[in-house]
Amino acid sequence: MLHAVLINGIFQDSVTLMVVSRDLSALPKVNRVSVMMGTPANKNVFRETGLWHAAFEVATPNDLCLVVDSDDNDPAIAGAMAEQVKNRLAEQARTNRKAGYPLARTWRRARQLLPEANLALISVAGHYVIEPARQALEDGCNVMIFSDNVSLEHELELKMSAREKGLLVMGPDCGTAIVNKAPLAFANRVPSGPIAVVGASGTGTQEVTCQIARLGSGITHALGLGGRDLSERIGGISALTALDFVAQDSASRVIAFVSKPPSPAVKERILEAMKNIGKPVVAMFLGERVIQRNMGNIHFTQTLDETAALAVELACIDAHVSSLPDVSNSSICGLYCGGTLAAEAAFLLAENQGIELDAAHPDGFMLHSGGHRIIDLGDDAYTRGRPHPMIDPTPRNDMIRALASDLSIGVLLLDVVLGYGGHMDPAGEIVTAVAALRAARGEQAPIVVIANLTGTADDPQDRGEQSKKLEEAGILIAESVRSAILIAARAISAQPAQTGEAPALLREAPAIVNIGLRSFADDLLANEVKVVHEQWEPAAGGNERMQRLLAQLN
Amino acid sequence: MENSALYETLNQANAAVIAEIKKARPHLVDVKPAEDCIPALREGRTLLHAGPPIEWVDMTGPMQGAVLGASLFEGWAKSADEAETLAAGGKIRFVPCHDNSAVGPMGGITSAHMPVLVVRNAEQGNVAYCNLNEGIGKVMRFGAFEGEVQTRLAWMRDVLAPVLSEALARIEGGVNLTTLMAQAITMGDEFHQRNIAASTLLLKTLAADIVGTAASLEKKQEVLSFLGRTDQFFLNVAMAYCKCVMDAGATIEAGTIVTAMARNGRDFGIRVSGLGKRWFTAPVNTPVGLFFTGYSQDDANPDIGDSAITETLGIGAAAMIAAPGVTRFLGAGGFADALEISEEMREIFIDTNPVLQIPTWDFQAACLGLDVRRVVETGITPLINTGIAHRKAGIGQVGAGIVRAPLGCFEKALEALAAQQGIKA
Numbered sequence: 001m002l003h004a005v006l007i008n009g010i011f012q013d014s015v016t017l018m019v020v021s022r023d024l025s026a027l028p029k030v031n032r033v034s035v036m037m038g039t040p041a042n043k044n045v046f047r048e049t050g051l052w053h054a055a056f057e058v059a060t061p062n063d064l065c066l067v068v069d070s071d072d073n074d075p076a077i078a079g080a081m082a083e084q085v086k087n088r089l090a091e092q093a094r095t096n097r098k099a100g101y102p103l104a105r106t107w108r109r110a111r112q113l114l115p116e117a118n119l120a121l122i123s124v125a126g127h128y129v130i131e132p133a134r135q136a137l138e139d140g141c142n143v144m145i146f147s148d149n150v151s152l153e154h155e156l157e158l159k160m161s162a163r164e165k166g167l168l169v170m171g172p173d174c175g176t177a178i179v180n181k182a183p184l185a186f187a188n189r190v191p192s193g194p195i196a197v198v199g200a201s202g203t204g205t206q207e208v209t210c211q212i213a214r215l216g217s218g219i220t221h222a223l224g225l226g227g228r229d230l231s232e233r234i235g236g237i238s239a240l241t242a243l244d245f246v247a248q249d250s251a252s253r254v255i256a257f258v259s260k261p262p263s264p265a266v267k268e269r270i271l272e273a274m275k276n277i278g279k280p281v282v283a284m285f286l287g288e289r290v291i292q293r294n295m296g297n298i299h300f301t302q303t304l305d306e307t308a309a310l311a312v313e314l315a316c317i318d319a320h321v322s323s324l325p326d327v328s329n330s331s332i333c334g335l336y337c338g339g340t341l342a343a344e345a346a347f348l349l350a351e352n353q354g355i356e357l358d359a360a361h362p363d364g365f366m367l368h369s370g371g372h373r374i375i376d377l378g379d380d381a382y383t384r385g386r387p388h389p390m391i392d393p394t395p396r397n398d399m400i401r402a403l404a405s406d407l408s409i410g411v412l413l414l415d416v417v418l419g420y421g422g423h424m425d426p427a428g429e430i431v432t433a434v435a436a437l438r439a440a441r442g443e444q445a446p447i448v449v450i451a452n453l454t455g456t457a458d459d460p461q462d463r464g465e466q467s468k469k470l471e472e473a474g475i476l477i478a479e480s481v482r483s484a485i486l487i488a489a490r491a492i493s494a495q496p497a498q499t500g501e502a503p504a505l506l507r508e509a510p511a512i513v514n515i516g517l518r519s520f521a522d523d524l525l526a527n528e529v530k531v532v533h534e535q536w537e538p539a540a541g542g543n544e545r546m547q548r549l550l551a552q553l554n
Numbered sequence: 555m556e557n558s559a560l561y562e563t564l565n566q567a568n569a570a571v572i573a574e575i576k577k578a579r580p581h582l583v584d585v586k587p588a589e590d591c592i593p594a595l596r597e598g599r600t601l602l603h604a605g606p607p608i609e610w611v612d613m614t615g616p617m618q619g620a621v622l623g624a625s626l627f628e629g630w631a632k633s634a635d636e637a638e639t640l641a642a643g644g645k646i647r648f649v650p651c652h653d654n655s656a657v658g659p660m661g662g663i664t665s666a667h668m669p670v671l672v673v674r675n676a677e678q679g680n681v682a683y684c685n686l687n688e689g690i691g692k693v694m695r696f697g698a699f700e701g702e703v704q705t706r707l708a709w710m711r712d713v714l715a716p717v718l719s720e721a722l723a724r725i726e727g728g729v730n731l732t733t734l735m736a737q738a739i740t741m742g743d744e745f746h747q748r749n750i751a752a753s754t755l756l757l758k759t760l761a762a763d764i765v766g767t768a769a770s771l772e773k774k775q776e777v778l779s780f781l782g783r784t785d786q787f788f789l790n791v792a793m794a795y796c797k798c799v800m801d802a803g804a805t806i807e808a809g810t811i812v813t814a815m816a817r818n819g820r821d822f823g824i825r826v827s828g829l830g831k832r833w834f835t836a837p838v839n840t841p842v843g844l845f846f847t848g849y850s851q852d853d854a855n856p857d858i859g860d861s862a863i864t865e866t867l868g869i870g871a872a873a874m875i876a877a878p879g880v881t882r883f884l885g886a887g888g889f890a891d892a893l894e895i896s897e898e899m900r901e902i903f904i905d906t907n908p909v910l911q912i913p914t915w916d917f918q919a920a921c922l923g924l925d926v927r928r929v930v931e932t933g934i935t936p937l938i939n940t941g942i943a944h945r946k947a948g949i950g951q952v953g954a955g956i957v958r959a960p961l962g963c964f965e966k967a968l969e970a971l972a973a974q975q976g977i978k979a
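Each protein sequence line maps, in turn, to chains U and V. The opening position of the first sequence corresponds to residue 1 in my numbering, with each subsequent residue numbered one higher. The opening position of the second sequence corresponds to residue 555 in my numbering, with each subsequent residue numbered one higher.
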């Protein structure tokens, strides 16, 4: 049997009421208790869950609706539960008072208390979001909307207004973001690092940021977009702003982007924006099969862990490359002893640079296009009448030295194959040849040398010794051919033009007005983020006549 | 109001009101018989009362008790019964203190021969009056009217008032109340529930000149002793101060600033800077708080008195943080509660009062400029610190606590402002 009662004069957020509903449902003599504000959406929930009561017909969004499902026929049980609700909310208010941050009831007061506020974190019921969000934007603050059930019209209005002001709207339905270490809503404690995450997916962003942390790296920021941002209607406004923000942030060296597949037109815009950033971007459009893994600086991935791992790898590469001499806009030459290593290098470089592989490989040229060349020195053309280059390094040494006169080449890729049967000191041979090459080219024509070591610690040549020799000679050791190609491609790519200052949101210490769920403010406080909590209620208690008068009385 | 046309916006009008309020410098200049100051009291049997207009039949116990007390004091009746017959028979005219440049705590009943504090604004020149605080316990303002009440009223008329008048006459320009209150708020007074610092400072200021009067040593001792033990003596001074300041602001005759809040035991009334002397009323709430031994919430009279003029200026409960000690009247009541109250009140005031800085609020200034619009917008109604009278006549004060102004009077005022501006919902 259902008993219901309306409680006036109490406005509470839905999460608080859910907790109260859960606690009251555990009391004896009741099967289920549900407490919600009387919004049209909540009224539907009552209907759909079989908890509808005629008393709710007249309920307004400012009435607290309480329904008790009980075997008890005495309607007084609803009144008793109403008392419980009031007591529990009052108790909560008392606990709230011990907050370590200022409380406000209006945006105006919140700004008085936190004049430097740069972001409003909004988690009030969806149909109320528009007012506080508008107010924050008008006041020059970025906005994160945790709430869902915000209309498309409102989302578009807010995002267009934000775009005009150079501000970012994260959400609606944006579950997570981390701005300058400030955890916004559902967020993890992620170490600082060089990767910026931009995500239209809450848990996707959480997983990627956590994987990044697990791999020993960290993030600059994780910006959220909300699930509908990349739809045709919204057009990726926030995605474009977020990409622009992290592009301008010099601390963000690599960008990881996570979303569901955007609509085709939006995707084109997003990819164009990513391309223009110049920084390495790892893009994951969940559910989309990756056919081409690379498009210049954009790398496509299929899984969250892959996204994180690649972002971390690119960040490491970025750190390496920034310590190397500038060889941007030069070409790559790969001189491989191993045919398959050469073939893999050729395939990956072609994909990376967007060039076609030839079917035929004359003279061991696995790739000879766009100024780049990858040569397999194990090809018949080089072994006729000679030992294999894995045994006799002379031919490769000669070719290395010959690069002294080819100044178009800025990166040299090599393989070092250890193991039984091979040369006993291939690294030593390379070091001598590279030293001669560098001496001949001089400091004006630097060359970056990247080597792959195929071998184990137990091999007769001693992998450790070999790699030490190479490193001491200023030769980079790549973990794999794939990695070598990534480093090489990064080294020759034009460095992104260093833009001016990062946008204020990413530059300044976060100062947040939390509107709605109290616990988000607690989390911010625990992270030593400046926060004011606004205990939001609809203007004039939802009295629409008074709202209309107030709007005009200026 | 025709003055509304002088200001392009309500915000500009409010700025003008606030400028007047900030400019005001009320001084305590004299203590005189009420009839010398207030012409209405010279006409037949007339009494001032607290709050918006009210007639005998609608008065609650404390105000009726005070009417009986004043009738006995003025000699209009020989007994309480006789006095009641007069009042019930329409033989006494009742007018609000607020219509006569005056305020009165609780019942606010003031008669011709009771002395009043004379507070003059040295800047704009307007004057405000308030009767003198009788101390605590069985006192007329809370509705007690017999025995010691009459004795004390007579002593105040015959001894206290003349001595204070003479002492004040010795002080050039009177006592600058702004500087005194600026000091007292740093000493833990919020000027409604707690006035012990200001009362002490006033005594300190007056002591030498009281001693310097021509009164007998015995009378001077009585006066000093009374001032020394009457912790709330300054409440009435603070009320006259606030009335004087708010009246100065009201002369702008435009804007949305509340210039008076007053309760008559039945209705809570407010006046607004742009709406002249019109009262906007709603039924009063009943204060909750702590009660003297033997009394309980059931004995509490509904909210009454002009003392909410302190909250109108932005002190009293709005400055609760200045006097965390009095938050005990809230029930649990700790420093956090005091802070929360002042922070909440800050939402509905549009400015701060540069002369009243509060150390416990990190030297933020007290609230200033209670805006009708903000009350309606936020639903936050002014909180008021108040004494609690027994609901029956003749018993007096039974406790102290807090009470909220009802939202209804602010909504009515907002409607009137909209009508005045030609705004439709």
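Each residue gets a CB set at the ideal place from its N, CA and C atoms; glycine is no exception.
Beta-carbon separation (whole angstroms), residue i vs residue j, contact threshold 8 Å
i	j	result
V:A877	V:R748	5 Å
U:A559	U:S217	No information on residue 559 of chain U is available, as it lies outside the stretch 1 to 554 that chain U covers here.
V:L922	V:G868	5 Å
V:D860	V:A604	5 Å
V:A836	V:C651	The pair is not a contact, with the Cβ atoms about 20 Å apart (cut-off 8 Å).
Test: residue i CB closer than 8 Å to a CB of chain U
i	result
V:L971	yes
V:M555	Residue confidence is low: V:M555 scores 44 on pLDDT, short of 50, so the model does not pin down where it sits. Its coordinate-derived value is still stated next. So, not an interface residue.
V:V670	no
V:T932	yes
V:R900	yes
V:Q975	yes
V:E965	yes
V:A959	no
Residue j beta carbon less than 8 Å from that of residue i
i	j	result
U:E537	V:G933	yes
U:L414	U:L335	yes
U:A177	U:L223	yes
U:V246	U:P194	no
U:A110	U:V529	no
U:M170	U:S70	no
Residues near residue i by beta carbon distance below 6 Å, same chain, minus five either side
i	result
U:S34	S21, L51 and V67
V:Q618	A947
U:V417	C337, G338, M390 and T454
V:A980	Summary: the structure shown does not reach residue 980 of chain V, with chain V confined to residues 555 through 979, and so no result is reported for it.
U:H368	none
C-beta neighbour in chain V for residue i, strict 8 Å
i	result
U:E537	yes
U:M274	no
U:T60	no
U:A120	no
U:M546	yes
8 Å Cβ shell around residue i - same chain, five flanking residues per side excluded
i	result
V:G888	P878 and T881
- Query: Looking at C-beta atoms only, is the number of pairs between the region 343-354 of chain U and the region 481-488 of chain U that lie closer than 8 Å three or more?
  - Reply: yes
- Query: Given 8 Å as the limit, is there contact between the region 719-737 of chain V and the region 573-591 of chain V, that is, 3 or more CB pairs closer than that?
  - Reply: yes
- Message: Does the region 223-238 of chain U come into contact with the region 314-328 of chain U, if we say contact requires no fewer than three beta-carbon pairs (one atom in each stretch) closer than 8 Å?
- Response: no
- Take every Cβ of the region 909-918 of chain V, pair it with every Cβ of the region 774-783 of chain V, and state whether three or more of those distances are shorter than 8 Å. no
- Three or more C-beta pairs closer than 8 Å, one from the region 839-853 of chain V and one from the region 629-638 of chain V: is that the case here? no
- Query: Is it true that the region 157-165 of chain U meets the region 77-90 of chain U, where meeting means three or more beta-carbon pairs spaced less than 8 Å apart?
  - Reply: no
- Looking at C-beta atoms only, is the number of pairs between the region 696-705 of chain V and the region 607-625 of chain V that lie closer than 8 Å three or more? yes
- Meets three-Cβ-pair contact criterion under 8 Å: the region 735-748 of chain V and the region 664-678 of chain V: no
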